[in-house]
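Residue 45 in the numbering used here sits at position 44 of the first sequence; the count goes up by one each step and never skips. One structure is given here, and the rest of the page talks about it.
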Amino acid sequence: MEKWSAATIRDFRRTLLDWYDQEGRDLPWRQDHDPYHVWVSEIMLQQTQVNTVIPYYQNFMATFPTVTDLANADEATLLKAWQGLGYYSRARNLQRAARQIVTDYQGHWPKTAAELTDLVGIGPYTAGAIASIAFGEVVPAVDGNAFRVFARLLLIDDDIAKPQTRQVFERAIQPIVDPKRPGAFNQAIMDLGASYMRAKNSDPEHSPVKAFDASYQTGRVADFPVKTKAPRPKLIPYYAVIVHSPAGYLLVQRDATQMLTGYWTFPLLLQADLPPADATETNNLAQDLAAITRQFKTDYQLDLDLTVVGGQPVSHTYTHQRWRVKLLVAELATTPSLAFFPGKWVAGSEIATLPLPKVQEKMMTRFQNQGHPAAFAKN
DNA sequence: TAGTCGTGGCT
DNA sequence: TAGCCAAGACT
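Set out below in C-alpha cells:
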C-alpha cells in the first residue's frame with residue numbers, strides 16, 4: 002500500500018476539488034445540502050445508477066416534500082413511488098427512519114455519522130455521506146467508488162468483497178479527506194469513480210488525478226480493486242396461477258417473510274412445493290396441474306379448470322435467484338368467495354394502480370401477448 | 001461471515 | 001448470451 006506525505010495529501014485535495022468545482026455533475030439532489038434531500042438521494046443511489054435515480058428522486062420529492070410527509074404516507078403510495086427501483090426494503094426502511102426522526106428525535110436530525118447509523122437503512126457509507134455533505138463532518142463516505150478509486154490510487158489489494166476490508170479503506174482515506182470541504186471531497190471521489198476511474202472503460206490517462214494514481218503509473222489499473230466474484234443465481238421454477246372472474250384477476254400481496262414485500266403478483270407456487278411426481282413416465286406438467294387444482298380446491302375452496310398459457314415461461318433474474326415462471330390460467334364464469342384465500346379480485350384496468358414488481362409486469366405482458374390483448378388495458 | 005435483497009445498462 | 005457492474009444494508 003502506498004503512503005502519502007502531508008504535502009502529497011494537500012496537493013491531491015487541491016487537484017481533486019479544483020476539478021470537482023469545474024466538472025462536478027449538476028444533479029437534482031445537489032441543489033442544496035438539506036439532510037432530507039441528501040438522505041433520500043443516498044438511499045436511492047444504493048446499488049443504483051445515477052440516471053435511473055433522477056426521475057424517481059424528482060417524483061419522490063414532489064410526492065413527499067418533507068420528512069413529515071414521508072412519515073405520514075400510506076405504504077401503497079410509498080411502494081408505488083419506489084416501483085422499479087428495486088431493493089424494496091429500502092423504501093420501507095426509509096419510512097421507518099422518517100418516523101424515527103419525527104418521533105424519537107422530534108424532527109431534529111442527528112448530525113454525526115455515528116448517530117446517523119442508528120436510523121434504519123443507514124449503514125456506514127450512507128452515514129458518512131450524510132454527515133459530510135449535510136453537516137460538514139470530516140469523515141469518509143466509503144462506497145464502491147471510494148473502494149475502487151483508493152484501491153487504485155494507493156495500491157490497496159485487500160478483497161473489497163470482504164466486510165472487514167472496509168476498515169482498511171476507512172483508515173486509509175480518513176487522513177486524506179479535506180477538513181474544510183469533506184462533503185465536496187466525498188462527492189468528488191464519487192464523480193471520479195463514475196468517470197475516469199470506472200470499473201469498466203476507465204480512462205486513467207485523462208484523469209485529473211493521474212499523477213496520484215499509482216495503479217496507472219505502474220501499468221496495473223486492471224488489477225485494482227481486488228474483488229472475489231459472487232456465486233451464480235440459483236434456478237427456481239414457479240407456476241403463476243392467473244385466475245380470472247367477472248370481478249377481475251386474483252392477486253396476492255407478498256408478506257414480510259418474502260422478497261418483494263408489500264408488492265402484488267398473481268399467486269405464485271413453487272414447483273418444488275408441489276407433491277412429488279411418481280417415478281413413472283407420467284407427464285410432470287399434467288401432475289403439477291392436478292396438484293395445483295387439488296390444492297386450490299382443498300385449501301381455498303376454489304374450483305379451477307387450468308390451462309397452460311402459450312409461449313416460453315417468464316424468466317426473471319435477481320442477484321441470487323433466477324425465476325422461471327410457467328403461466329397457467331383459469332377462467333371462471335362467476336365470482337367465487339375469497340373467504341379462504343388470502344388475496345383479492347382486481348379489475349384488469351385497476352391492476353396498474355397497485356405497486357407491482359418487474360416480474361409481475363413481465364407476466365402480464367406475456368399473458369396479453371398470448372391471446373389476451375385487452376386483459377389489462379387502461380380505461 | 002456469508003447470504004439475502006431488484007433492476008437496468010453494458011459488453 | 002451470460003455475466004458484471006451500479007452512491008449498500010441487514011441478518
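Cβ atoms here follow ideal geometry from the backbone N, Cα and C, with glycine treated the same way. Keep in mind it's a predicted model, so treat the numbers as computed, not measured.
The stretch 184-200 and the stretch 136-147 touch, with no fewer than 3 CB-CB distances between them shorter than 8 Å. In this structure, residue 85 sits away from residue 363, with a CB-CB distance that is not shorter than 8 Å. Counting the other Cβ atoms within 10 Å of the Cβ of residue 216 gives 16 or more, which makes it buried. Two segments are said to touch when three or more pairs of C-beta atoms, one from each, lie closer than 8 Å; by this definition the stretch 198-215 touches the stretch 13-21.
Sorting 243, 128 and 336 by C-alpha distance to the C-alpha of residue 373 places 243 at the top. One thing to note: residue 344 has its Cβ within 8 Å of the Cβ of residue 251. Secondary structure at residue 5: coil, using DSSP grouped into helix, strand and coil.
Every beta strand (DSSP E) stretch that sits fully inside the stretch 244-292 and reaches 3 residues is listed by chain position as 249-254 and 269-271. Going by beta carbons, residue 238 and residue 325 fall inside the 8 Å limit. DSSP places residue 319 in the coil class of the three-state scheme, outside both helix and strand. Residue 295 carries a helical assignment under DSSP once its states are collapsed to helix, strand and coil.
With respect to the 8 Å criterion, residue 155 and residue 2 are classified as neighbours on the basis of their beta carbons. The residue among 82, 39 and 346 with its C-alpha nearest the C-alpha of residue 185 is 39. Per DSSP, reduced to three states, the secondary structure at residue 11 is helical. With fewer than 16 other Cβ atoms from the protein chains shown falling within 10 Å of its own Cβ, residue 202 counts as exposed. Counting only residues of its own chain and dropping the five nearest sequence neighbours on each side, residue 173 has a CB closer than 8 Å to the CB of 2, 151, 155 and 157. Residue 302 and residue 77 have their alpha carbons spaced roughly 29 Å apart.
It is roughly 28 Å from the alpha-carbon of residue 272 to the alpha-carbon of residue 80. Less than 8 Å separates the beta-carbon of residue 305 from that of residue 331. Only exposed fits residue 113, as fewer than 16 other CB atoms lie within 10 angstroms of its CB. Contact annotation: residue 167 and residue 111 have beta-carbon atoms that are not nearer than 8 Å.
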